[in-house]
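Okay, structure first, notes after.
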Amino acid sequence: MISEDSINKLRRIVKFAYENSEFYHELYDRAKVDIEKCKLPDELPYVFPDDIVHNSLKIRSNIPLYRICASSGTKRLPKLLFRSQVDFDKSVYNQVKLMKWCGLIESDIIGIVQPSGLWGYADLTQEASRRMNLLVVQLGNAEDEMALRLIIELGVTVLDIAPSRLYSILKLADTHRYKFNKLRIAMCSGEKLSEHFRNYVWTKYRIRIFNQYGSEETDALGGETNFGKGIHIFKDSFIYEVRKENGEIAKDGEVGKLIISSLYHQGTPLIRYHIEDKVRIISKDDGIIEVIGRNEDYILIYDSVKLHLSQVQPIFDLYLKNPSIWQIQINIVGAQTVFKVCIDEVIEKELEEKIIGELVHTSIDIYELWKNRILLFCIVTGGFKKSGRGKQIHLLDERKKFLL
0 MISEDSINKL
10 RRIVKFAYEN
20 SEFYHELYDR
30 AKVDIEKCKL
40 PDELPYVFPD
50 DIVHNSLKIR
60 SNIPLYRICA
70 SSGTKRLPKL
80 LFRSQVDFDK
90 SVYNQVKLMK
100 WCGLIESDII
110 GIVQPSGLWG
120 YADLTQEASR
130 RMNLLVVQLG
140 NAEDEMALRL
150 IIELGVTVLD
160 IAPSRLYSIL
170 KLADTHRYKF
180 NKLRIAMCSG
190 EKLSEHFRNY
200 VWTKYRIRIF
210 NQYGSEETDA
220 LGGETNFGKG
230 IHIFKDSFIY
240 EVRKENGEIA
250 KDGEVGKLII
260 SSLYHQGTPL
270 IRYHIEDKVR
280 IISKDDGIIE
290 VIGRNEDYIL
300 IYDSVKLHLS
310 QVQPIFDLYL
320 KNPSIWQIQI
330 NIVGAQTVFK
340 VCIDEVIEKE
350 LEEKIIGELV
360 HTSIDIYELW
370 KNRILLFCIV
380 TGGFKKSGRG
390 KQIHLLDERK
400 KFLL
């Protein structure tokens, strides 16, 4: 149940967007929305990522702006996002709340291993740390070797980091036989966090991982208040909906697409915005969810045949010791499309053949391509490639030079 206070806040944001954003003015006029009387949020039209990609300047409001941010363009479609001073301050307030949920104290030293500048996430943690009187070390642009040295030598106690970057630094520490005597907490965001990885890091390194959730469009949406007990959405900052494939509202235990209405963003208003994530509702009334993964993560293989992340992940969950560390690199060799599956462990030939067999049978179309030798699969240990920001990419298409 959405509180009356949240509905009133949303009504104010809807009026603001209609009066100050060319995009929302046109959208609501086109949909014949009565902004004074419509049922919120149900009678408002949806907004999608492509709307921001193609209309960033029309969506932004005409009020004075404090800063410009951008998405990373994971699908080569970056979005420009605009923030007012009030937007930024509220996002910092939420970041402070997340950090307090993790149990940070004044003696902590924070190593921020996140992108800064235009992408801006590190800036939120830095400002939140300043308000909490915490010392900050910016490590987002450092190579793993340098980041590891500084973490050890400066006595960093808390990391703000993506799971794949944390794993890379931990493996490097093992190679050098370094010990983390002071590092105790990792605030992880930016990628799906598996319970296998969380337990592995706690068991081997005694580092406690807290899962934090958000997006470049919204900043922080919520996080864990209790170790491994689900993401608590900031209900004072967002109205969230979870819709099943048929459009019905999901109930506790059900999975659906996450739709967010921000109650505070004015620079780039976000009203009934599709985040493109699939989530499971743990407790609808309490605003607790489990993030399943990206809703639209897929790669085009050949002649409109697609491979979805959701088709692949269950296979690795079943067969790999570390199912969160993998990458499929797609390239062209001669006349064939080659899927090189990079994993972080050495496996027997029999298991390799079993995994390839599962991948081949993820769909009839993929099976037909494989049977006709248009599509080939191989599995290798290592060989991972990351984005320019050091972010893990599960599905990496390297055919660009051939296809453009």
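Counting from 0, one number per residue, gives the positions in the sequence shown under numbering that gives the first Met the number 0. Built from N, CA and C at the ideal position, the CB exists for glycine as well.
Check for me: the beta strand (DSSP E) holding residue i runs from which residue to which?
i      : result
GLN328 : 325 to 332
GLY229 : Taken as a continuous stretch (DSSP letters only), GLY229 belongs to no beta strand (DSSP E), as it is neither H nor E.
VAL290 : 287 to 293
ASP396 : 394 to 396
GLU240 : 237 to 242
LEU375 : 374 to 380
Quick one: give me the first and last residue of the alpha helix (DSSP H) that residue i is part of.
i      : result
GLU144 : 143 to 152
SER309 : 308 to 318
PHE196 : 194 to 204
ASN93  : 84 to 100
Would residue i and residue j qualify as a contact pair, given that the criterion is a beta-carbon distance under 8 Å?
i      : j      : result
LEU262 : SER5   : yes
VAL241 : GLY252 : no
GLY382 : CYS341 : yes
GLN211 : LEU39  : no
GLY213 : SER188 : yes
SER90  : LEU64  : no
LEU394 : LEU308 : yes
SER128 : ILE150 : no
ILE51  : GLU216 : yes
TYR45  : ILE258 : yes
Who are the Cβ neighbours of residue i in its own chain at under 7 Å, not counting the five residues just before and after it?
i      : result
LYS74  : A caution first: LYS74 carries a pLDDT of 48, below 50, which makes its placement in the model too unreliable to give a value.
GLY139 : ILE111, VAL112, GLN113, PRO114, SER115, ALA121
PRO322 : SER193, HIS195, PHE315, ASP316
Classify residue i as helix, strand or coil using the three-state DSSP reduction.
i      : result
GLN265 : coil
LEU117 : coil
ALA69  : strand
VAL345 : coil
SER260 : strand
ALA172 : helix
ARG279 : strand
LYS8   : helix
VAL32  : coil
SER20  : coil
ALA127 : helix
Would you mind sorting residue i into buried or exposed? The rule is 16 or more other CB atoms within 10 Å of its CB.
i      : result
PRO162 : buried
ALA185 : buried
CYS377 : exposed
GLU285 : Looking at the sequence itself, residue 285 is Asp, so the reference to Glu does not match. Exposed, since its Cβ has fewer than 16 Cβ neighbours within 10 Å.
Skipping 5 residues on each side, what residues in its chain have a beta carbon closer than 8 Å to that of residue i?
i     : result
PHE47 : TYR272, HIS273
VAL95 : ALA127, ARG130, MET131
Could you check whether the Cβ of residue i sits closer than 8 Å to any Cβ belonging to chain B?
i      : result
HIS195 : The question asks about chain B, but that chain is absent: this structure has only one protein chain.
CB-CB under 6 Å to residue i, same chain, minus the five flanking residues each way: which ones, in chain order?
i      : result
HIS264 : ASP86
ARG197 : ILE208
TYR318 : ILE354
VAL337 : ASN330, LEU375
THR267 : ILE58, ARG59, LEU80, PHE81
ASP343 : ASN321, ILE324
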